[in-house]
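Worksheet: one structure, shown below.
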Amino acid sequence: MSVSSIRKFVKQQGRDALAQTKELSRETLAQIRDIFSNISGLTGVSTPDAVQQYYDTASRYFEDALGRGREDVYGFEPRGISESASVMKGMIDPALDQYSLMNRGGFMSQALNPSVVEIDPSKIFGSLDYSTKGYSTANPLLDYRDAASQAMIQGRRGAIEQQADFYANNPNVKGLMTYNV
355 MSVSSIRKFV KQQGRDALAQ TKELSRETLA QIRDIFSNIS GLTGVSTPDA
405 VQQYYDTASR YFEDALGRGR EDVYGFEPRG ISESASVMKG MIDPALDQYS
455 LMNRGGFMSQ ALNPSVVEID PSKIFGSLDY STKGYSTANP LLDYRDAASQ
505 AMIQGRRGAI EQQADFYANN PNVKGLMTYN V
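Numbers in this note's numbering are just positions in the sequence shown, counted from 1, shifted up by 354.
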């Protein structure tokens, strides 16, 4: 086969493919038109008319909704709130009574006669070493009357003033409060 015969063959194949594509497109368009006509036949309205009806209905709805919304806002009368509040209160109180823990036997008995955990202090304090200063063998709890405990509780003389001076005058602390504004 020569190059020219191959070209003729390829061109002819292209023309045939184009003709087939055009025919298939015509058939597909005809099917689409049939579907649309069937749909309009179902509703009795053509597609453009149905679309216009939709726009008209939507427009009317939004106008009505806007009117109702404005009426709700601007025509609001607060009467009736106290009646509905008393109705709600009348519904809440029985629910509180019904579901209250006080109506449950176990809770009520614990509330009226609570159980107490008892321990034997001798088993706990008997193992402690009371030789450390600050412990009292008469009362096995810490005794804060000694000088060291009192000094810790009262703090060092002048410590509060020194701390206040530090926070008021230290440049590093002042730098914390600078926000570069």
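All residues carry an ideal CB built from backbone N, CA and C; glycine is no exception.
Could you give the residue range of the alpha helix (DSSP H) that holds Ile514?
Where Ile514 is concerned, the enclosing alpha helix (DSSP H) stretches over 513-523.
Work out the CA separation of Met506 and Ser512 for me, nearest whole Å.
The sequence given here places Gly at residue 512; Ser does not occur at that position. Gly512 and Met506: Cα-Cα distance of roughly 14 Å.
Return the Cβ separation of Thr401 and Phe390 in integer angstroms, given the expectation that the two are a contact with Cβ distance under 8 Å.
At roughly 6 Å, the Cβ-Cβ gap stays under 8 Å, so Thr401 and Phe390 are in contact.
Quick one: grab the DSSP three-state call for Pro468.
Here Pro468 carries a coil assignment [DSSP, helix/strand/coil].
Starting from Arg499, follow the alpha helix (DSSP H) in both directions and report where the run begins and ends.
For Arg499, no alpha helix (DSSP H) run applies, since DSSP gives it neither H nor E.
Can you look up Gly429 in the DSSP assignment and give me helix, strand or coil?
DSSP places Gly429 in coil when its eight states are reduced to three.
Reduced DSSP secondary structure (H/G/I, E/B, other) of Thr411:
Assignment of Thr411 by DSSP, reduced to helix, strand and coil, places it in the helix class.
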